[in-house]
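In my numbering, the protein residues as written are 16 to 209.
One structure is given below, encoded as structure tokens.
This is the structure in structure tokens:
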């Protein structure tokens with residue numbers, strides 16, 4: 016099934032960072048970090064699915080679907096694809112409070128709500144969010160969901176281009192041309208198509 020996601024990115028002290036979410040403790044089939052997304056519903060476009068899934072997984076911390084779409088369209092997106100998976104990277108102003116409030120909220124809910132809620136609902140998929148430096152992706156690869164590791168490799172290899180895109184987006188007040196990258200995975204290797 017095709018899937019899509021969003022991946023907020025920012026610049027902190029001149030370094031590129033991505034905002035990833037860690038699956039909750041009940042996700043046994045593919046534990047670890049990834050972007051914010053999932054499968055597409057019937058008739059849904061890739062971009063729409065990414066926004067809907069992100070709102071569900073972030074439980075509103077980036078806003079509702081209209082607000083997340085506005086965030087993404089403000090400066091455009093850097094699109095990366097691997098087989099049937101598309102991720103839309105977009106600039107997000109760094110706010111240390113986002114991590115604090117999201118993670119504290121999740122810890123509180125995990126203490127107060129029965130496990131069944133986390134096992135059966137789709138809005139509590141991420142138990143933690145974290146800004147991860149692009150330079151650290153290679154050494155942290157094992158902490159990502161197994162299916163997402165090819166995307167980690169792509170992000171690591173394209174960090175220079177992505178950083179340039181994010182820097183422009185954080186400086187500019189208006190949208191600029193969307194950059195598109197597409198990769199094909201064959202024999203566990205990632206290649207970029209131009």
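We put the beta carbon where it would ideally sit given N, CA and C, even for glycine.
Here DSSP, grouped into helix, strand and coil, assigns residue 103 to strand. With a threshold of 16 other beta carbon atoms within 10 Å, residue 136 falls short and is exposed.
When the beta-carbon positions are compared, residue 47 and residue 20 stay at least 9 Å from each other.
With contacts defined as CB atoms closer than 9 Å, residue 114 and residue 166 fail to qualify as a contacting pair. In this chain, residue 60 is not harboured by any beta strand (DSSP E), its DSSP state being neither H nor E.
Residue pairing by DSSP leaves residue 139 without any beta bridge partner. Within the model, the alpha-carbon separation for residue 33 versus residue 129 is close to 31 Å. Around the C-beta of residue 45, fewer than 16 other C-beta atoms lie within 10 Å, and the residue is accordingly described as exposed. In this structure, residue 18 and residue 54 form a Cβ contact; the two beta carbons are roughly 5 Å apart against a cut-off of 8 Å. In the DSSP assignment, residue 98 falls outside any beta strand (DSSP E), carrying neither H nor E. The count of Cβ pairs closer than 8 Å, one atom from the stretch 23 to 37 and one from the stretch 146 to 166, reaches three, so the stretches are in contact.
With a beta-carbon spacing of about 6 Å, residue 177 and residue 93 fall inside the 8 Å limit used to define contacts. Going by DSSP, residue 162 is part of no alpha helix (DSSP H) at all; its letter is neither H nor E.
If you draw a 10 Å sphere on the C-beta of residue 157, you find fewer than 16 other C-beta atoms in it, and that means exposed. Looking at the DSSP output, residue 111 bridges to nothing. DSSP lists 105 as the bridge partner or partners of residue 23. In its chain, beyond the 5 residues on either side, 66, 67, 70 have a beta carbon closer than 7 Å to the beta carbon of residue 80. Restricted to the stretch 168 to 192, the alpha helix (DSSP H) segments that are unbroken, complete and at least 4 residues in length are 174 to 186, listed in chain order. Counting only the Cα atoms, residue 16 lies some 32 Å from residue 108.
Excluding sequence positions up to five before and after residue 100, its CB lies within less than 6 Å of the CB of 18, all in the same chain and listed in chain order.
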